[in-house]
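Numbering (the numbering used here), first residue to last: 5 to 766.
See below:
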């Protein structure tokens, strides 16, 4: 305790009357070994509180007011809104950051000159480890973290350089990394001195407008590895709160500095924030953290800071880490419908909801929100129908509770279109399908068969609605003109029904299609409003027509005489129904040559024409069909990739999970045939595993909820063992003859799955 009082004595006089930052019992010990009380925070604050009560002269009122609202647990001013409104009708993208705001900053103070280099520090560490004399290292750590000025003195490349750009933080990253990498291997008293220095820094530096040196200090402090321990969470929380409360211009700088971290360190910081949120929600021990009621701002602050990392990841090309790594699966165990209702009712006001930050919610949560929202809408629709019947004293037919589709197999497409058009007011009811002239109740199998057969017919190349792009192995909208685009609306409605009824469709649209589908994420009330016109780039064209995109890329990079060598005008030529037609990309385009000066405009107009203008009516019908079913605020929470996963399932296969979830009929999991089957399947390469899944279920993708949601079944079929396996895709079922060995089973299974007809692909 003596060392602790001496470390604090230099700042006590200027800290009188400051409010406490934590009034409960301090958390348990820090770092390795047995947990010990961590007295520095509590003792320091108690001393300050006593001096305040004694009526000593403190800092300026403005500073004290800021501290009470920002560091104190007592009720002060609320944090400002921590997310822009994702509920507005136009979809917001975290990819688009505001332009750099050149706000005036106070003059930076003179920073003392510190000359220690990375090499010298590492030599000091090596000597200390060998000799056991840590005095020099202790002095370095004690000094370097004691204030924002000292942090800059230690880690800024040039002590009084400005470094006022987003491109360069001015931080000596190599030195920061070396100091932090060594920190956890130092004695406990050194680690505690760093934490006490950070407390000093956070209290001393809360004084209104931020300088770039303040931002640098926050940037350095957020990288401290000590925050992995729950015993440091109180300090970590206050750091996060101060960063969360920075201005938008300051956040803009931090985002661009964060994206320059190494991928490994960036990931560590993201995982640390996710762990902090999870632990705050579900602490391992009841008394491990202060009561949630006293620190309700912890999670909003951490989530806001995490959003800065998400923004940094989004503006990096390629992204530093997959967007799915920002998911916090702990949130699958909270009342996410309450979060959703809060978001619907309050938007992004001061009432926090995780739905304000949809990047943290997994696709499992988003799917559950959409389905529960859909169920509520279905129940509401059914209730209205029943009340209407009862009020008119008519006989109640339980069929009112369902969207009943009756179709003939021979006229599948036309019947389906007629049924969905007539019953468009019932689209949010539970789907039930009947094939005319066939007995049987729809327990899910007929519904899935209806989807599979429709998709198979609609996407067949002979039908002409969609063009199959062999190079990219995806479908795109045909640009032929017609008077009625209702069949495109049918496809959109099918996709919406599939999402609402948890059916994964075997369709292959490029990711850009799903981006268009979310532009905007909720259908406008005005039927004439533009929909589905997402900004198109050469990278988007690459997903669909890679050869054409490559050619346009070569045009942009051509060094010769573009006008004479390419001899192009602002026109595009397309083949429609066997005839080649030309369209101007701009007024008088047939008379405007493409030159080196205007080729970027030509490429942009060309791409926009192919992906937007030429198929606008087709896609608008498709868009309105999808949103006629999926008219939910929950769509605003989704990325294009997530919509694709909801429609088609996930491409990530886990055959071991499928084995655990498998059901059996006529076999048990210990039977020889079943054991041979799984031995062969688990040893299959990924391509054959996908073919097996496609053979058994009609799709090579997995439902969002994982393999368990497939209800995959292996059944016994009493036929000779020279027969091939068969499948019933409507029931996700594979039927196996009683094969006795792997040698007997493997070739027959391989032949069966390799020659099964796919749906919608050539």
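Glycine included, C-beta positions come from ideal geometry on N, C-alpha and C.
Find the nearest neighbour of residue i within the set the options, judged by alpha-carbon distance.
{"i": "residue 492", "options": "534, 509, 469", "result": "469"}
{"i": "residue 130", "options": "176, 182, 441", "result": "182"}
{"i": "residue 187", "options": "177, 215, 142", "result": "142"}
{"i": "residue 166", "options": "422, 115, 284", "result": "115"}
{"i": "residue 513", "options": "647, 567, 625", "result": "647"}
{"i": "residue 411", "options": "232, 438, 451, 743", "result": "438"}
{"i": "residue 617", "options": "689, 489, 538", "result": "538"}
{"i": "residue 191", "options": "137, 152, 247, 546", "result": "137"}
{"i": "residue 609", "options": "585, 635, 576, 636", "result": "576"}
{"i": "residue 643", "options": "371, 585, 222", "result": "371"}
{"i": "residue 1", "options": "376, 681, 669, 553", "result": "Shown here, the chain extends from 5 to 766; a query on residue 1 therefore has no answer."}
{"i": "residue 440", "options": "696, 413, 301, 433", "result": "413"}
{"i": "residue 561", "options": "316, 601, 634, 365", "result": "601"}
{"i": "residue 480", "options": "453, 461, 460, 511", "result": "511"}
{"i": "residue 184", "options": "126, 203, 332, 683", "result": "126"}
{"i": "residue 573", "options": "564, 592, 558, 581", "result": "592"}
{"i": "residue 661", "options": "529, 612, 685", "result": "685"}
{"i": "residue 757", "options": "742, 699, 403", "result": "699"}
{"i": "residue 179", "options": "189, 159, 173, 119", "result": "159"}
{"i": "residue 199", "options": "243, 636, 612, 408", "result": "243"}
{"i": "residue 259", "options": "140, 233, 220, 245", "result": "220"}
What first and last residue would you give for the beta strand (DSSP E) that runs through residue i?
{"i": "residue 718", "result": "717–720"}
{"i": "residue 480", "result": "478–481"}
{"i": "residue 669", "result": "667–669"}
{"i": "residue 408", "result": "406–411"}
{"i": "residue 192", "result": "Element bounds for residue 192: not the beta strand (DSSP E) but the alpha helix (DSSP H), 192–208."}
{"i": "residue 738", "result": "737–740"}
First and last residue of the alpha helix (DSSP H) that includes residue i?
{"i": "residue 285", "result": "267–285"}
{"i": "residue 698", "result": "690–701"}
{"i": "residue 676", "result": "676–687"}
{"i": "residue 255", "result": "252–262"}
{"i": "residue 242", "result": "237–248"}
May I have the straight-line CA-CA distance separating residue i from residue j, to the nearest angstrom?
{"i": "residue 641", "j": "residue 319", "result": "19 Å"}
{"i": "residue 747", "j": "residue 478", "result": "36 Å"}
{"i": "residue 322", "j": "residue 270", "result": "14 Å"}
{"i": "residue 732", "j": "residue 738", "result": "6 Å"}
{"i": "residue 519", "j": "residue 121", "result": "49 Å"}
{"i": "residue 380", "j": "residue 197", "result": "55 Å"}
{"i": "residue 450", "j": "residue 734", "result": "7 Å"}
{"i": "residue 296", "j": "residue 284", "result": "8 Å"}
{"i": "residue 487", "j": "residue 494", "result": "15 Å"}
{"i": "residue 666", "j": "residue 712", "result": "8 Å"}
{"i": "residue 534", "j": "residue 517", "result": "16 Å"}
{"i": "residue 267", "j": "residue 340", "result": "31 Å"}
{"i": "residue 215", "j": "residue 224", "result": "14 Å"}
{"i": "residue 751", "j": "residue 702", "result": "21 Å"}
{"i": "residue 222", "j": "residue 278", "result": "19 Å"}
{"i": "residue 392", "j": "residue 312", "result": "51 Å"}
{"i": "residue 586", "j": "residue 603", "result": "19 Å"}
{"i": "residue 521", "j": "residue 569", "result": "39 Å"}
{"i": "residue 254", "j": "residue 357", "result": "23 Å"}
{"i": "residue 759", "j": "residue 482", "result": "29 Å"}
{"i": "residue 303", "j": "residue 310", "result": "10 Å"}
{"i": "residue 677", "j": "residue 474", "result": "38 Å"}
{"i": "residue 693", "j": "residue 657", "result": "8 Å"}
{"i": "residue 427", "j": "residue 628", "result": "15 Å"}
{"i": "residue 237", "j": "residue 345", "result": "30 Å"}
{"i": "residue 548", "j": "residue 582", "result": "22 Å"}
{"i": "residue 168", "j": "residue 175", "result": "12 Å"}
Is residue i near the ligand ZN, with its Cβ less than 7 Å from a heavy atom?
{"i": "residue 664", "result": "Of the ligands one can find in the structure shown there are none, so the ligand ZN has no counterpart to examine."}
Checklist entry - In the region 523–609, which residue ranges form an unbroken alpha helix (DSSP H) of at least 4 residues, counting only runs that do not cross its ends? => result The qualifying runs are 542–548, 550–561, 566–570.
Checklist entry - Of all the alpha helix (DSSP H) runs that stay within the bounds of the region 620–665, which reach a length of 4 or more residues? => result Secondary structure remark: continuous alpha helix (DSSP H) runs of at least 4 residues inside the region 620–665, in chain order: 620–633, 644–652, 659–665.
Checklist entry - Can you give, in chain order, each stretch of the alpha helix (DSSP H) that sits fully within the region 316–395 and has at least 4 residues? => result Runs of alpha helix (DSSP H) with 4 or more residues, each lying fully within the region 316–395, are found at 340–350, 367–395, listed in chain order.
Next on the checklist: Across the region 536–550 and the region 614–629, are there enough close Cβ pairs to call them in contact, namely three or more that are closer than 8 Å?
Outcome noted: Short answer: they touch.
Checklist entry - In the region 432–492, which residue ranges form an unbroken beta strand (DSSP E) of at least 3 residues, counting only runs that do not cross its ends? => result The beta strand (DSSP E) runs of length 3 or more contained entirely in the region 432–492 are, from start to end of the chain, 434–439, 470–473, 478–481.
Checklist entry - Counting Cβ pairs closer than 8 Å, one from the region 288–295 and one from the region 244–260, do we hit at least three? => result In this structure the region 288–295 does not lie against the region 244–260, because fewer than three pairs of beta carbons, one per stretch, are closer than 8 Å.
Next on the checklist: In chain order, what are the residue ranges of uninterrupted alpha helix (DSSP H) at least 4 long that sit wholly in the region 120–184?
Outcome noted: Correct list: 122–135, 139–148, 152–159.
Checklist entry - Pairing CB atoms from the region 657–673 with CB atoms from the region 322–338, are three or more of them under 8 Å? => result With a cut-off of 8 Å, the region 322–338 and the region 657–673 do not count as touching, because too few Cβ pairs lie within range.
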